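Q:
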Amino acid sequence: MTNDASRSPPVRLVDWLVRRRTALLLFALLTAVLAIAPASRLELNESIESFYAQGDPDLVAWTESKEWFGGDEIIMVAYEKEGLLERENLNELQAFADVFRVDTGPDAVPGINHAATQDLASTLNLDDVAVFQEFSPIARRIIERILRKSLIDFSRSLLIGQQTTRRNEDGEVVESESDATAVMLELAPGLTSEQRQETFHTIREIAADPQSYIGAGETSQPTSANEAARKPFPPVYVAGEPIQIHDMFRYVEEDALVLGWATSGLLLIVILFLFRSVRWVVLPLLVVHVTIVWTRALLVLTGLKLSMVSSMLNSLVTIIGIATVTHVTVTYRELRIEHDRTVAFRETFLRLAPPVFWTCVTTAIGFLALLSSEIVPVQSFGLMVALGALLVLVAAAAILPGGVLIGGLDVDPRSTPAERQIVSGLLGITRWVERHPLPVMGGTAALMMAGGIGLVRLRVETDFSKNFRSSSEIAEAVDFFEAKLGGAGSWEVNFPAPAELDENYLDQVRELAVRLRRIEMDDGTQLTKVYALTDGLDFIPSRLGETIGIRRRVLRQVQPGFEDQLYNPSAGRMRLVLRAQEQKPAEIKLALISEVEQTAREMFPDARATGLYVMIAKLIKSLLADQVKSFTLAAIGIAVCMTIAFRNLWIGIASLLPNVFPILLVIGGMGWLGVPVNIGTAMIACVSMGLTVDSSIHYLSGYRRARQSGLDHVAAVRETHAGVGRAVVFANVALIIGFSVLTLSNFVPLIYFGVLVSLAMLGGMLGNLVLLPVLLRWIPMQH
């Protein structure tokens, strides 16, 4: 080796790494062990609000609504019972609902506003209404009989299913009451994630075995409770946006842990098959897991939290780490044929240090482009993965010298059983590409054009129940509410109100409720329930009160809290609470929201639709809104990096094509196949761009080395395919098989993420092995 070479920075660095290999390995392992404790404290931000930019009109509207009308987070506990309105069944319902009213002692359900619990039986029970005591027993019974029918109609908008029609045996159309009913529970404000989890767990425990809880605490009707506890109870379903959001994050958290280890286990088996060496199985997994622990610990120290989108952090770091060490393994194995371990490692480092460095840098830049987003979790996601990518570089430099050179057992990776066939196939691809460059370019252009058309056909998934497997508890509950109770999607439209209500204003509210009930979309979608303050006032007989003030007083006694949920005189706002079906296409739900808002503004120009239903419906749209900008910035940043790395503008430009190709193919394919964009796939473009560039850098580095050694284009491509191409295949095959574990997830977006990232990596591999060689034949390369 020449003196100049020995004095060059890369040589000095590798010599230092080799000399300090034991200390560096111990440093990496010790710091990883010390980082485990803080890394385990990394929290998951379960706030839907965090997905919206500060000042977003939808977020502002929802925040203001919560200030005006309370948190309004409702959990619905429902079941179906034949003959629901019979006295015996109403007593059973009352006993069941009273379980949630117990507010002290060990039997109290934590985290709910016990006094706000609503159910049909309590609504129909008028025994404790003070205003009725002013009438004689006969008059009271007449009034109660009149009120019963009105209360049932009133409850149909909230607590029981809609009236249905059917034909009897004689062909006559008859109406029948719904046999489904819901107990409405209001979450207490300000609950932490742990408190919510305890609340939902307790509610579900009660729903799973009602008889064990009925009569356990203090109830208003102990006799009925005891009778109900002895009777078999129908299946009970629990739903509502808060519990859906909770389940989403719960599945993500559980799957991240379980599937993370499962992925590592499967990768271990695959890498063991590829290289048949325990040492060379442990090394890539060690680099990956040390990087993950370091990254998570640093995130805790900086105060960042995981979100829905950044829950893929471990997966992405795994991709970067495994790919890096696989290239080291293949190169080191080739050099060991002619050199001893130390020389082979030094040469491996000198050969791969530049591409590994630029791989990590370009990946980091690709993800840092997400900082252009106005959504904090997306910014955090980009920062987290960028940090992880750079720490892969540090972990590899600290672990690999000692991991490769210390000890004398199982020192060398071995050949893959089918390696000759793989190399033969790669050389066959080379020969085919040499003979058919124009068909390759034409086919690529056609596929990219088809992918571009597919982008226009993309649709957004806003049916939250589609995030869960159909057999899951929450999906079955949502199905029940959709079929029996008009859906689980609760929202509102609010508008200005005077400090004192008058008949003219109430007529406007009443008319708006009528108009909203008449809304029907092209596919027949309607609001399934609309309830307004006037619904409560209108069922009160005139005999009980002619004036608005008296009727409001009676309503407060018959339905405590009903008015407060809908009217805030001090804030000057009124609202109508709406319910709609969850399982509808995104365009239908968004069109319904728009139609409701437009209809309300015809009467109240300042009307606004809001609520969790609206926020969730617009969530994916919010994530997608600035993806074009961040993807463009990522592409520009990567092209600039590639230009600097290879000191060739044309290479910088050409390197984009093999990486854009799989993205267009995957996302366009989603459009053609009707696969909707969900939470797991909303940022697949940036994610794929940041990952597939890895293979491009290694391929271009190998190709440039071959050209600088004096080979022409054809010979250089063949040598690169046989060397770097082999490592590209090994890395991608290992990762694709490893990520197949994500198909076992309980959370459907994670399944999509695993499949689509695997397809993107496969497309990137083909782009770099087939398309990139064709592009390179037209790019001048310095020898």
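The sequence shown runs 1045 to 1827 under the working numbering. Virtual Cβ for every residue (Gly too), placed ideally from N, Cα, C. These figures come from a predicted structure and were not determined experimentally.
Is it true that the CB of P1542 sits closer than 8 Å to the CB of R1617?
A: Along the sequence shown, read from residue 1 onward, the residue named residue 1617 stands at position 573. Along the sequence shown, read from residue 1 onward, the residue named residue 1542 stands at position 498. Result no, Cβ atoms of R1617 and P1542 do not sit closer than 8 Å.
Q: Do you know whose CA, among G1798, R1189 and P1421, lies nearest P1585's CA?
A: For the purposes of this step, residue 1585 is taken as residue 541 along the sequence shown, with counting starting at 1. Selected option, being the one with the closest Cα: R1189.
Q: When the Cα atoms are used, what is the spatial distance from G1746 to T1764?
A: In the sequence shown, counting from the first residue as 1, residue 1746 sits at position 702. In the sequence shown, counting from the first residue as 1, residue 1764 sits at position 720. The straight-line gap from Cα to Cα measures roughly 6 Å.
Q: Cβ of G1593 less than 8 Å from any chain D Cβ?
A: Within the model displayed, chain D is absent; a lone protein chain is all it includes.
Q: Could you have a look at V1818 and say whether DSSP puts it in helix, strand or coil?
A: Residue numbering aside, residue 1818 sits at position 774 when the sequence shown is read from its first letter. Of the three classes helix, strand and coil, the one that applies to V1818 here is helix, per DSSP.
Q: Quick check: A1630 and V1640, are their CB atoms within less than 8 Å of each other?
A: As a working note, residue 1630 is residue 586 in the sequence shown. As a working note, residue 1640 is residue 596 in the sequence shown. Cβ distance not < 8 Å, so A1630 and V1640 don't count as in contact.
Q: How close, in whole Å, do the beta carbons of V1353 and M1727 come, if the pair is a contact with beta carbons under 8 Å?
A: For the purposes of this step, residue 1353 is taken as the residue at position 309 of the sequence shown. For the purposes of this step, residue 1727 is taken as the residue at position 683 of the sequence shown. Between M1727 and V1353 the Cβ distance is about 6 Å, and since that is below 8 Å, they are a contact.
Q: Is R1064 helix, strand or coil when you go by DSSP?
A: As a first step, residue 1064 must be located in the sequence shown, where it is residue number 20. Coil at R1064, not helix or strand.
Q: Please confirm if the segment 1766–1777 is in contact with the segment 1663–1680, defined as three or more CB-CB distances below 8 Å between the two stretches.
A: They do not touch, by the three-pair rule.
Q: What do you get for P1328, buried or exposed, if any count of 16 or more other CB atoms within 10 angstroms of its CB means buried?
A: By one-based count along the sequence shown, residue 1328 stands at place 284. Per the 10 Å Cβ criterion, buried.
Q: Any contact between the segment 1385–1404 and the segment 1433–1450? By contact I mean 3 or more CB pairs, one from each, below 8 Å.
A: Touching, per the Cβ criterion.
Q: If distances are taken between C-alpha atoms only, which option among G1782, I1795 and M1686 comes closest to L1847?
A: A query on residue 1847 cannot be resolved here, the shown segment of the chain reaching from 1045 to 1827 and no further.
Q: Quickly, what does DSSP pair F1539 with across the bridge? List them, please.
A: Within the sequence shown, numbered from 1, the residue matching residue 1539 stands at position 495. DSSP, once it has assigned bridges, lists M1618 as partnering F1539.
Q: To the nearest angstrom, report how far apart W1106 and Y1657 are at their CA atoms.
A: Translated into positions along the sequence shown, residue 1106 becomes position 62. Translated into positions along the sequence shown, residue 1657 becomes position 613. Distance between the alpha carbons of W1106 and Y1657: 11 Å.
Q: Closest by CA to S1166, which one among I1186, P1817 and N1133?
A: Looking up residue 1166 in the sequence shown gives position 122. Closest by alpha carbon: N1133.
Q: Rounding to the nearest angstrom, what Cα-Cα distance links Y1796 and V1504 in this structure?
A: By one-based count along the sequence shown, residue 1796 stands at place 752. By one-based count along the sequence shown, residue 1504 stands at place 460. Cα-Cα distance, rounded: 14 Å.
Q: Indicate the three-state DSSP secondary structure (helix, strand or coil) for Y1743 in the structure shown.
A: As a first step, residue 1743 must be located in the sequence shown, where it is residue number 699. Helix.
Q: Going by beta-carbon coordinates alone, are V1331 and I1247 separated by less than 8 Å?
A: Your numbering for residue 1331 matches position 287 in the sequence shown. Your numbering for residue 1247 matches position 203 in the sequence shown. Against a cut-off of 8 Å, the Cβ pair of I1247 and V1331 comes out as no contact.
Q: Which term fits R1821, buried or exposed, when burial requires 16 or more other beta carbons within 10 angstroms of its beta carbon?
A: Residue mapping note: residue 1821 aligns to position 777 of the sequence shown, counting from 1. Result: exposed.
Q: Report, in whole angstroms, the separation of the C-beta atoms of A1232 and G1605, which I expect to be a contact under 8 Å.
A: Here residue 1232 corresponds to residue number 188 of the sequence shown, with the count starting at 1. Here residue 1605 corresponds to residue number 561 of the sequence shown, with the count starting at 1. With a Cβ gap of about 14 Å, A1232 and G1605 do not count as contacting.
Q: Out of curiosity, what's the CA-to-CA distance linking A1490 and I1363?
A: As a working note, residue 1490 is residue 446 in the sequence shown. As a working note, residue 1363 is residue 319 in the sequence shown. When rounded, the distance between both Cα atoms is 29 Å.
Q: Touch check for the segment 1589–1599 and the segment 1467–1475: three-plus C-beta pairs under 8 Å?
A: With the cut-off at 8 Å, the segment 1589–1599 and the segment 1467–1475 do not touch.
Q: In or out: D1384 buried (at least 16 other Cβ within 10 Å) or exposed?
A: Translated into the one-based positions of the sequence shown, residue 1384 becomes position 340. Its Cβ having fewer than 16 others within 10 Å, D1384 is exposed.
Q: So does the segment 1787–1796 actually touch the segment 1508–1524, counting three or more Cβ pairs closer than 8 Å?
A: A contact exists between the segment 1787–1796 and the segment 1508–1524.
Q: By alpha-carbon positions, which one of L1316, E1136 and E1536 ends up nearest to G1114?
A: Here the question's residue 1114 lines up with position 70 in the sequence shown. Nearest of L1316, E1136 and E1536 to G1114, Cα basis: E1536.
Q: For the alpha helix (DSSP H) that contains T1362, what are its first and last residues?
A: Locating residue 1362 in the sequence shown gives position 318, counting from the first residue. Looking at the DSSP string, the run of the alpha helix (DSSP H) that includes T1362 is L1357 to L1379.
Q: Return helix, strand or coil for F1512, following the three-state DSSP convention.
A: Against the sequence shown, residue 1512 aligns to sequence position 468. DSSP places F1512 in strand when its eight states are reduced to three.
Q: Tell me which residue opens and which closes the beta strand (DSSP E) that T1654 is part of.
A: Here residue 1654 refers to the residue found at position 610 when the sequence shown is read from its first residue. Start and end: R1652 to T1654.
Q: List the endpoints of the continuous beta strand (DSSP E) containing T1225.
A: Translated into the one-based positions of the sequence shown, residue 1225 becomes position 181. A1224 to E1230 is the extent of the beta strand (DSSP E) around T1225.
Q: In terms of residues, what are the limits of the beta strand (DSSP E) holding Y1295?
A: Here residue 1295 refers to the residue found at position 251 when the sequence shown is read from its first residue. Careful: Y1295 lies outside any beta strand (DSSP E), inside the alpha helix (DSSP H) at E1285 to F1319.
Q: M1727 by DSSP, collapsed to three states: which one?
A: If you number the sequence shown from 1, residue 1727 lands on position 683. Three-state result, M1727: coil.
Q: Determine the extent of the alpha helix (DSSP H) in which A1635 is found, giving its start and end residues.
A: Indexing the sequence shown from 1 puts residue 1635 at position 591. Taken as a continuous stretch (DSSP letters only), the alpha helix (DSSP H) holding A1635 covers A1630 to M1647.
Q: Look at the Cβ atom of A1430, then the Cβ atom of A1408, and state whether they are nearer than 8 Å.
A: Translated into positions along the sequence shown, residue 1430 becomes position 386. Translated into positions along the sequence shown, residue 1408 becomes position 364. It is a contact, given that the beta carbons lie within the stated cut-off.
Q: How would you write the range of the beta strand (DSSP E) that M1120 sits in, first residue to last?
A: Mapped onto the sequence shown, residue 1120 falls at position 76. Start and end: I1118 to E1124.
Q: Who are the Cβ neighbours of R1320 in its own chain at under 6 Å, not counting the five residues just before and after it?
A: Sequence index remark: in the sequence shown, residue 1320 carries index 276 (1-based). So the qualifying residues of the chain are R1458.
Q: List the endpoints of the continuous alpha helix (DSSP H) containing K1528.
A: As a first step, residue 1528 is located in the sequence shown; it is residue number 484 there, counting from the start. Note, K1528: alpha helix (DSSP H), E1517 to K1528.
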